[in-house]
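Since the structure comes first, as structure tokens, the remarks are kept for the end.
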Amino acid sequence: MLDELSSWLDKQGEGNMPELYKVLSAGAPLQLLEFGKKNDAFEQSLAAIEQFLQADFAHPNDFTSVVLKGDTISLLSAISISLLELQKSYFAPTQSVESHQTLRSLKSKLDYQQAFDMTQRLNQLVEQLTTHTGLNQELLISQWLIESKC
111 MLDELSSWLD KQGEGNMPEL YKVLSAGAPL QLLEFGKKND AFEQSLAAIE QFLQADFAHP
171 NDFTSVVLKG DTISLLSAIS ISLLELQKSY FAPTQSVESH QTLRSLKSKL DYQQAFDMTQ
231 RLNQLVEQLT THTGLNQELL ISQWLIESKC
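Per my numbering, the very first residue in the sequence shown carries number 111; after that it's consecutive.
And the structure:
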């Protein structure tokens, strides 16, 4: 499936899409093209997570401000899928992680259990934000990031 997607992308002149984006789009070509055009918030979010986890003293505002600018649920879901890919890479190399600099860096900072816990809490957060729309998103997202560092 990803081979067909890669050949289709080559025909569209978009053959240099990162493997991670192909995974995030679940092989849907038009969704992949759309994500490729609007990937700034995703990349900024991953970079903010990485910076937060490596700093001795950091504030989650860099991350929350990026996440809250756009479609919060979609962005958090994409981060969750990326963390799942990260977990897979602990057992066997995955092209989606190996070809993505920020995920490689996160892999060197997190062990499998930390990545698993982070993903599990993020999925719970997405469920909370989807089910209860009146919650303080900034506070809950900040709490998730802070708990991920502990």
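Even for Gly, the Cβ is constructed at its ideal location relative to N, Cα and C.
1. Using a Cβ-Cβ cut-off of 8 Å (strictly less than) and excluding sequence neighbours within five positions of Glu153, which residues of its own chain qualify?
2. Which one of Ser190, Leu216 and Leu186 has the shortest CA to CA distance from Tyr200?
3. Answer yes or no: do Ser192 and Leu220 have a C-beta to C-beta separation smaller than 8 Å?
4. Excluding the 5 residues preceding and the 5 following Gln164 in the sequence, name in chain order all residues of the same chain whose CB lies nearer than 8 Å to its CB.
5. What residue ranges within the region 114-187 form continuous beta strand (DSSP E) runs of no fewer than 3 residues, ordered along the chain?
6. Looking only at its own chain, which residues have a Cβ that is under 7 Å from the Cβ of Phe145, when we skip the five neighbours before and after it?
7. Identify which residue in Thr240, Asn126 and Leu194 has its Cα closest to the Cα of Phe226.
8. Give the range of the alpha helix (DSSP H) segment to which Ala225 is assigned.
9. Label Ile256 either buried or exposed according to how many other C-beta atoms from any shown protein chain fall within 10 Å of its C-beta, with 16 as the threshold for buried.
10. State yes or no: is the C-beta of Ser258 within less than 8 Å of the C-beta of Arg231?
11. Do Thr182 and Leu239 have their C-beta atoms closer together than 8 Å?
In short, the structure shows the following:
1. Thr212
2. With respect to the C-alpha of Tyr200, the residue from Ser190, Leu216 and Leu186 having the closest C-alpha is Leu216.
3. Against a cut-off of 8 Å, the Cβ pair of Leu220 and Ser192 comes out as no contact.
4. The residues Lys219, in chain order, have a CB closer than 8 Å to that of Gln164 in the same chain once the five nearest residues on each side in sequence are set aside.
5. The region 114-187 contains no whole beta strand (DSSP E) run of 3 or more residues.
6. Tyr131, Leu134 and Ser135
7. Checked all of Thr240, Asn126 and Leu194; the closest Cα to Phe226 is Leu194.
8. Tyr222 to Thr241
9. Within 10 angstroms of the beta-carbon of Ile256 lie fewer than 16 other beta-carbons, which makes it exposed.
10. yes
11. yes
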